[in-house]
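Chains R and S, in that order, are what the protein sequence lines are. Take 1 as the starting number for the first sequence in this note's numbering and just add one per residue. Take 1001 as the starting number for the second sequence in this note's numbering and just add one per residue. To start, the structure under review is shown below, and the notes come after it.
There are 2 protein chains.
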Amino acid sequence: MLEEAPLRRIQDVADEVGLTARAIRYYEEMGLLTPAARSGGSHRLYDESDVERLQAIRGLRDDAGFSVGDITRLLEDSDHLARSRAAFHETQSRSERLRIARDGLGRVDRRIGLLDEKIERLQVMLADASARRTRIAGKIDRLEAELSGPGAATAGRAPAEVPA
Amino acid sequence: MLEEAPLRRIQDVADEVGLTARAIRYYEEMGLLTPAARSGGSHRLYDESDVERLQAIRGLRDDAGFSVGDITRLLEDSDHLARSRAAFHETQSRSERLRIARDGLGRVDRRIGLLDEKIERLQVMLADASARRTRIAGKIDRLEAELSGPGAATAGRAPAEVPA
DNA sequence: CACAAACTTCACGTACACGTAAAGTTCCTG
DNA sequence: CAGGAACTTTACGTGTACGTGAAGTTTGTG
């Protein structure tokens, strides 16, 4: 191959991903990523897969609001799944493949369960808020009708029908 | 009224709600609830609405994973809505009622927006996991078919049905 | 009414998720 | 190859969300 893997340094990666260099080192310290590579000196060097991993970490942190502990577990499952995929394709044994696939199914199911729970709880709250919104919107509609209808008529006007 | 409000003390409430007394005092310190009442000495005393509020706080913390900062804002909105409801019914002015209702609508909409965002992000993750699940389940199905089909057929055996 | 349980207010301790300053090393550029 | 930018490790600081005593007060029960 003539293509050199363009290894990048921490601040460069940090800027792209939207994390601080400190946070990246912290995640490394916490075991969320492996040192990637080191330069002749000892600068950390990152490749594209590292960048993707860091983007995933940032998404889990900022978008989903998971703690680093949660992220650790989620990534462990992902990593395990990736390794399983490799092992799956490297073995010829169908029963071994079945075992690996079943293990993967368990992990994915656990992940789905976690997400389902979080979503369901948030949806209960959302339903509650939506119901409140509907009631308030109804009130506004009625008030607007009353004000634009007989509203200006302090001098004895017939009451207008209020639309549901 | 002959019914005395049964005011309860902190550990009692803490046990029921599933928080520690320390946490309850902390939330008070953070302004999430007002002192409720105090005994002749200076013990905190809680009524049913306090208990409900603490349960709401706990739900937001444990179920939805909101930070105390988030909870502060959510409860502020709720409190404001409650006060608005009272003010709404106490005024006769239709334009004042309209103003209050529109303010309430804004608050509810903000809350809905927050929840929508969180849910949407989690659903993207869920969709991803579900797709993976589908692929893995497909693999398992095929492997099971291969194993129970021609797999055992080294000795020429009919494939047994696998119950779902 | 004595006394233990439960409560009170400090006040320091802890885990998490980093920020930040210090002091030295490595890398790139002119 | 000189020098500054970027990096390294080390280490202490910060805000959040509480936990854990300590020392004194209040309250319910024998």
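Quick reminder that beta carbons are idealized off the backbone N, C-alpha and C, glycines included.
Taking the alpha-carbon positions, what's the R:ASP116 to S:ALA1127 distance? 11 Å
State the Cα-Cα distance for the pair S:ARG1099 and S:THR1072, rounded to the nearest angstrom. 24 Å
For R:GLU16, the nearest candidate out of R:LEU122, R:ARG142, R:ASP47 (CA to CA): R:ASP47
Less than 8 Å between the CB atoms is what I'm expecting for S:LEU1033 and S:ARG1009, so what's the real figure, rounded? About 15 Å; that fails the 8 Å criterion.
Would you say S:LEU1007 reaches chain R, if we count a Cβ-Cβ gap shorter than 7 Å as a contact? no
Are three or more beta carbon pairs between the segment 1061-1071 of chain S and the segment 97-114 of chain R nearer than 8 Å? no
With a threshold of 16 other CB atoms inside 10 Å of the CB of S:GLY1104, please say whether the residue is buried or exposed. buried
Contact under 7 Å by Cβ, S:ARG1044 with S:GLY1018: no
Contacts around S:TYR1027, its chain only, beta-carbon distance under 7 Å, and the 5 residues preceding and following it disregarded: LEU1033, ILE1057
If you measure from the beta carbon of R:ALA164 to each beta carbon in chain S, is any gap under 7 Å? With a pLDDT of only 39 at R:ALA164, under 50, the local geometry of the prediction cannot be trusted, and no value is derived from it.
Kindly indicate the opening and closing residues of the alpha helix (DSSP H) around R:ARG22. 21-29
Report the three-state DSSP secondary structure of R:LEU7 (helix, strand or coil). coil
Scan the segment 1084-1102 of chain S for residues whose Cβ lies nearer than 7 Å to a Cβ of chain R and list them as they occur along the chain. ARG1094, SER1095, ARG1097, LEU1098, ALA1101, ARG1102
List the residues of chain R whose Cβ lies closer than 8 Å to the Cβ of S:VAL1108, in chain order. ALA129, ARG132, ARG133, ILE136
I believe S:ALA1037 touches R:LYS139 by the beta-carbon criterion, under 8 Å. Please report the beta-carbon distance rounded to the nearest angstrom. That belief does not hold up - the Cβ atoms of S:ALA1037 and R:LYS139 are roughly 34 Å apart, past 8 Å.
What beta strand (DSSP E) runs, 3 residues minimum, are completely inside the segment 51-96 of chain R? none
For R:LEU32, three-class secondary structure by DSSP: coil
Would R:ILE140 pass as an interface residue toward chain S - the criterion being a Cβ-Cβ separation below 7 Å? yes
Near S:THR1020, which residues of its chain fall below 7 Å by C-beta distance, leaving aside the five closest residues on each side in sequence? ALA1014
In whole angstroms, what is the alpha-carbon distance linking S:SER1148 and R:ALA87? 22 Å
Name the residue from S:ILE1024, S:VAL1108, S:ALA1145, S:ASP1079 whose alpha carbon lies nearest to the alpha carbon of R:THR134. S:VAL1108
Residue burial classification, R:ARG83 (beta-carbon count within 10 angstroms, cutoff 16): exposed
Contact set for S:SER1049: own chain, Cβ-Cβ below 6 Å, skip 5 residues either direction: none
Since S:LEU1060 and S:LEU1074 should fall inside the 8 Å C-beta cutoff, what is the C-beta to C-beta distance between them, to a whole number of angstroms? 6 Å
Between S:GLU1096 and S:LYS1118, what straight-line distance do the alpha-carbon atoms span, to the nearest angstrom? 34 Å
Could you tell me if R:MET125 is buried or exposed, where buried requires 16 or more neighbouring beta carbons within 10 angstroms of its beta carbon? buried
To be precise: take each residue of the segment 1060-1071 of chain S, compare its Cβ to all Cβ atoms of chain R, and keep it if any distance is under 7 Å. Which residues remain? ASP1063, ALA1064, GLY1065
Hey, does R:LEU33 have any beta-carbon neighbour from chain S nearer than 7 Å? no
Who does S:GLU1038 pair with in a DSSP beta bridge? Note on identity: in this sequence residue 1038 of chain S is Arg, with Glu being the wrong assignment. In the DSSP output, where bridge partners are listed per residue, S:ARG1038 has S:ARG1044.
Which chain S residues are close to R:LEU115, counting only those with a beta carbon under 7 Å from its beta carbon? LEU1122, MET1125, LEU1126, ALA1129
Against R:GLU146, what residues of chain S qualify as contacts under a CB-to-CB distance less than 8 Å, listed in chain order? ARG1094
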